[in-house]
Amino acid sequence: MFDGLITGFANVAAFIYGLIAYAKLQTRITTATDGWLDLIAFDFFGRRMLRGTRSDSLFRSAILAELFRPRQTRQAIIDILTGLTGRAPIIFEPGRPQDTGAYAPGLSGDGKGYGLAYGLAGGYGSLLMPYQILVHAFRPALAGIPNVIGYGGPAGGYSTASTFEYGNLDMIEGAVTDADIYGAVDNVRAAGITAWVAITD
46 MFDGLITGFA
56 NVAAFIYGLI
66 AYAKLQTRIT
76 TATDGWLDLI
86 AFDFFGRRML
96 RGTRSDSLFR
106 SAILAELFRP
116 RQTRQAIIDI
126 LTGLTGRAPI
136 IFEPGRPQDT
146 GAYAPGLSGD
156 GKGYGLAYGL
166 AGGYGSLLMP
176 YQILVHAFRP
186 ALAGIPNVIG
196 YGGPAGGYST
206 ASTFEYGNLD
216 MIEGAVTDAD
226 IYGAVDNVRA
236 AGITAWVAIT
246 D
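Here the sequence shown is numbered in my numbering, starting from 46 and rising by one per residue.
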């Protein structure tokens, strides 16, 4: 009887100790697990970052990468779109001479035309478009239903890698929507900057 009484107290104390140890793990992003990672992501990013089918370690890595992602620079837009789609965007700033070139002699006024790049550096610049950037983003090259042939292609047969079947949107893997691309640019652009985004395949 005495052993049962002591064992009961010991089990309760062990449970409480385990609960305290588990709660302590949840206080840091690097050690948090389960639904606590979802709560951390919601706390920092709202509904912008959802777990989906990611494991704890992959979701934790995504949270940390998004938390410390560079923002408010041209390179930040390039990095986020390259990471999202696998293809680097083309960015044009109408007021940036590196994007537009120049159509005048150099600063010294000697007529040698230092920096002259008319027709070579990209597009026509304009100071009438201050604080605006033109982003040409690309959809990812690879998205679809694995091992299923597309409509109009040769149907699968014996010893072939593809099959033919009716698919639905839930079967698509790796799909990045246009809204994802617009949202990514909006999340890293500087405040007060208008980003005009064109998306092509």
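Where is the CB? At the ideal position from N, CA and C, for every residue including glycine.
Residue i in three-state terms, based on DSSP
i, result
"Thr-127", "helix"
"Thr-245", "strand"
"Leu-179", "strand"
"Ala-240", "strand"
"Ile-136", "strand"
"Tyr-227", "helix"
"Gly-51", "Strictly speaking, residue 51 in this sequence is Ile, with Gly absent from that position. Ile-51 falls in the helix class under three-state DSSP."
"Val-233", "helix"
"Ile-74", "coil"
"Ser-106", "helix"
"Gln-143", "helix"
"Tyr-67", "helix"
"Tyr-252", "Outside the displayed range of the chain (46 to 246) lies residue 252, so it cannot be described from this structure."
"Met-46", "coil"
Proximity of residue i and residue j at Cβ, strictly below 8 Å
i, j, result
"Ile-226", "Leu-126", "yes"
"Trp-241", "Leu-173", "no"
"Ile-65", "Ile-85", "no"
"Arg-105", "Ile-74", "yes"
"Ala-182", "Pro-134", "yes"
"Ile-122", "Arg-184", "no"
"Leu-103", "Val-221", "no"
"Gly-139", "Gly-91", "Before going on, a small fix: residue 139 reads as Pro here, not Gly. Their beta carbons are not under 8 Å apart, which means Pro-139 does not touch Gly-91 by this criterion."
"Gly-228", "Arg-99", "no"
"Ala-186", "Arg-132", "yes"
Residue nearest to residue i in terms of C-alpha spacing, selected from the options
i, options, result
"Arg-141", "Phe-54, Gly-168 and Arg-234", "Gly-168"
"Asp-101", "Leu-50, Ala-121, Thr-239 and Ala-77", "Ala-77"
"Ala-235", "Asp-88, Gln-177, Gln-143 and Asp-124", "Gln-177"
"Pro-175", "Ala-110, Gln-71 and Ile-238", "Ile-238"
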